[in-house]
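Some notes on the structure that comes next.
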Amino acid sequence: MRGSGCDAVIVKIVALFLAGMAVLAMFGRLRFPGQKRLAAAKCPKCGKFKIGKGPCSCQKGLGK
């Protein structure tokens, strides 16, 4: 068949793509520096991200 050589190249490309996606998924599961600081930026009561150093709007009584 004439298309068998081309089919093999396509299969190799798809296999390399899937292997690359698997490697990216493994790196995505790693904990990167800054995860603790990002988790600390959330309000313990409502779970919203706090902006600045002041209290959350739920503790001020402004937001619901």
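Residues are numbered in my numbering as their position in the sequence shown, beginning at 1, plus a constant of 6. Here a beta-carbon is modelled for each residue, glycine too, at the ideal position from N, C-alpha and C. Just so it is clear, the structure is predicted and the values come from calculations on it, not from any experiment.
Annotated as proximal: Cys49 and Lys56, with beta-carbon spacing under 8 Å.
One Cα belongs to Met32, the other to Leu44, and the distance between them is close to 21 Å. For Val29 and Lys54, the gap between their C-alpha atoms comes out near 32 Å.
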